[in-house]
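The sequence shown stops at residue 358 when you use the UniProt record's numbering, and every number in between is there. Every residue, glycine too, gets a C-beta built ideally from N, C-alpha and C. Read through the structure below, which is laid out as C-alpha cells, and then see the notes.
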Amino acid sequence: MSSDLPTLRWGTVATGLISSWFVQDLLLSRPNAEATHVIRAVGASSIDKARAFADKYLTGQSVSAYGSYAHVYQDPAVDIVYIGTPHAFHRQNCLDSIAHGKHVLCEKPFALNAREAREVFDAARAKGVFVMEAMWTRFFPLVRTLQRLVDIEWAIGDVRRVFCDFAMDMKLASLGPDSRLRNRALGAGTLLDVGIYSLTWGLLALEPEVGEQAERPSIVAPQSLSEGIDVATCMILQYADGRQGVLTSAAFTKTPAAFCRIEGTGGVIVVEGFTASVPASSTVRRPKAPGSAEMQHDKYEFERPGKGFYWAADAVAQSIAAGKTESDIMPWAETLRVLEMLDEVRRLGGASFPQDAS
Ligand SMILES: NC(=O)c1ccc[n+]([C@@H]2O[C@H](COP(=O)([O-])OP(=O)(O)OC[C@H]3O[C@@H](n4cnc5c(N)ncnc54)[C@H](OP(=O)(O)O)[C@@H]3O)[C@@H](O)[C@H]2O)c1
C-alpha cells in the first residue's frame with residue numbers, strides 16, 4: 001500500500017444492512033486502491049448493537065463503539081461520518097455531523113426532498129466541510145467507461161432513448177408497519193429506494209453534464225400507490241430535442257439481468273447486473289462499419305471484489321485531500337437536481353411524505 005495515498009478516518013452512523021456492506025468494502029485489501037480507509041468509530045441506537053457490529057465487521061480496527069450517534073459526531077479521531085440510517089433521518093444526521101465539523105458521506109437518497117437537501121448543503125457551505133450523496137454506482141469503472149464511450153467516443157452515435165428498470169420483490173405484506181420499506185414517515189416507496197437508480201441511469205446516459213450545467217427535462221410520472229406509498233412508478237423524461245427516458249421501479253417483481261438499454265442513432269448498449277445499483281457488464285452492439293448490416297458486439301466487464309462501495313469512498317478521500325467540499329462526479333447541484341425531479345414525480349404521481357408539509 002503506497003504511503004502517498006490519502007488516509008480517511010471514518011465514523012459510521014447506524015448498524016443496518018448498508019452500513020455492514022459499506023464497512024466490509026472499505027476494509028478490503030485492493031491492489032488498485034486510491035485511498036487508505038480506517039474506521040475509528042461506530043454509533044448505534046444501543047451500545048450492544050454497536051459492539052456486535054464492531055466485533056463482527058471491524059476486527060483489527062482501533063474502533064470506538066458508541067450507543068449513540070452523537071458520540072460519533074464528537075469523536076476527534078473521526079474525519080468523516082458515513083450515514084446509513086433510513087432516508088427520513090439523513091437530514092438531521094447530516095446537520096449534526098456538519099455542526100461538529102465532520103465531513104459527510106450520506107446514503108442515497110440524500111434526503112426526502114430537495115428542501116431538506118438544500119438545508120444540509122447550506123450548513124455544509126457555512127462550515128466548509130465536504131458532503132456527498134453516496135450514489136456509489138456513478139463511481140463504478142463500468143459507468144465511467146460507459147460515459148466515455150457514449151459522450152466522448154460517440155460509440156452509438158446520438159443517444160435518443162434510455163430504458164431502465166429497478167424492481168425487486170420487497171415482500172411488503174410480510175413487513176411490519178415500522179419497516180423503512182412500508183412506513184411513509186421513514187420515506188417508504190420504490191421511488192426513493194430504487195427508482196432513484198433508474199433515474200440516475202437515464203440522466204447519465206442521456207446527458208454528458210451533471211449539476212448546474214445539466215438539463216431540466218419535462219416529466220410525466222404515474223405512480224401506483226398502496227397505503228400511501230408507491231409500489232410502482234414510471235418516469236418518462238422528455239427533452240426539448242426529442243430524447244426520452246423511460247425509467248421505472250416496482251416492489252413486487254425482479255428486473256431481469258439486462259436492466260438498462262441505451263439506444264443511439266448508431267447502435268445500442270445493454271447494461272446487465274444483479275440490480276441497477278450494481279452493474280456487472282455492458283455490451284455495445286453496432287454495425288461493423290457505417291451502413292453495414294453486419295453487427296459487432298463489444299462486452300465490457302470489470303473486476304469487482306466485494307460490492308464496489310470503495311470506488312466512491314476512494315473518490316471522497318481524493319476530493320478531501322484536494323481541499324474540495326464537493327465531488328466532481330456527484331456534486332451538490334446534481335443531488336439537488338435529482339431530488340427536484342423526484343419531488344416532481346411524487347407531485348405528479350401522488351406519493352407524499354409527512355415531512356413534505358413541514
Ligand atoms: N447504496 C445501496 O445500494 C443501498 C442499499 C440498501 C440501502 N441503502 C440506503 O441505506 C439506508 C439504510 O438502509 P438499510 O437497508 O441499511 O436499512 P436497515 O437495514 O433497516 O438499517 C437502518 C439502520 O438505521 C438505524 N435506524 C435509526 N432509526 C431507525 C428507525 N426509526 N427505524 C429503522 N432504523 C433506524 C438502525 O441502526 P442502529 O439501530 O444501529 O442505530 C438501523 O439498523 C437507506 O437510506 C437506503 O436507501 C442503500
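- Closest option to SER282, judged by alpha-carbon separation, among GLY291, ASP328 and GLY267: GLY267.
- Rounded to the nearest angstrom, the gap between the Cα atoms of GLU212 and ALA221 is 23 Å.
- In the structure shown, the three-state DSSP call for LYS254 is coil.
- Ranked by Cα distance from ALA276, the options SER198, ALA126 and ARG148 are led by SER198.
- Between ligand 1 and THR15, a heavy atom-to-CB distance of less than 8 Å is present.
- Taking one beta carbon from each stretch, the stretch 17-28 and the stretch 329-349 have fewer than 3 pairs nearer than 8 Å; the two do not touch.
- Cβ-Cβ separation between ILE219 and GLU326: approximately 25 Å, too far for a contact (criterion under 8 Å).
- Taking all protein chains in view, the Cβ of LYS102 is crowded by 16 or more other Cβ atoms within 10 Å, so the residue is classified as buried.
- Residues of the same chain with a CB within less than 8 Å of the CB of VAL78, apart from the 5 flanking positions on each side, are ARG9, TRP10, GLY11, ARG40, ALA41, VAL72 and LYS102 in chain order.
- A distance below 7 Å between beta-carbons, with the five flanking residues on each side excluded, links ASP75 to the following residues of its chain, in chain order: GLY11, ARG40, ALA41 and SER64.
- Listed as beta-bridge partners of LYS299 by DSSP are THR283.
- Within the stretch 195-283, the runs of alpha helix (DSSP H) that reach at least 4 residues and sit entirely inside it are, in chain order, 196-206.
- Counting along the chain, LEU17 sits inside the alpha helix (DSSP H) bounded by residues 17-26.
- Selection SER174, GLU340 and GLY308 evaluated against ARG30 yields GLY308 as nearest (Cα-Cα).
- Of the residues assessed, PHE53 falls on the buried side of the cut-off, its CB having 16 or more other CB atoms within 10 angstroms.
- DSSP places TRP332 inside the alpha helix (DSSP H), whose first and last residues are 332-349.
- Remark: the C-beta of ARG51 is outside contact range of ligand 1, defined as less than 8 Å to any heavy atom.
- Excluding the 5 residues flanking it on each side, ALA321 has same chain C-beta neighbours closer than 6 Å at PRO6, in chain order.
- A distance of 9 Å or more separates the beta carbons of GLY202 and ASP193.
- In its chain, beyond the 5 residues on either side, GLN223 and LEU225 have a beta carbon closer than 7 Å to the beta carbon of GLY350.
- If the five residues before and after ALA317 are omitted, its C-beta is found closer than 6 Å to the C-beta atoms of PRO6, LEU8 and ALA35, all from its own chain and listed in chain order.
- Shown here, SER64 sits in a strand according to DSSP, grouped into three states.
- Of the candidates VAL210, THR200 and THR15, the residue whose Cα lies closest to the Cα of ASP55 is THR15.
- In the displayed model, HIS87 falls within a helix according to three-state DSSP.
- Taking a contact to require three or more Cβ pairs closer than 8 Å, the stretch 84-92 and the stretch 175-186 qualify as touching.
- Closer than 8 Å to some heavy atom of ligand 1: that does not describe the Cβ of GLY189.
- Annotated three-state conformation of LEU175 is coil, per DSSP.
- The alpha carbon of GLU263 has as its nearest neighbour, out of GLU272, PRO279, PHE130 and ARG286, the alpha carbon of ARG286.
- For ASP193, the CB falls within less than 8 Å of some heavy atom of ligand 1.
- Boundaries for ARG180: no alpha helix (DSSP H) harbours it, and the DSSP string shows neither H nor E there.
- Distances between the C-beta of THR85 and the heavy atoms of ligand 1 include at least one below 8 Å.
- Within 8 Å of the C-beta of GLU107 there is at least one heavy atom belonging to ligand 1.
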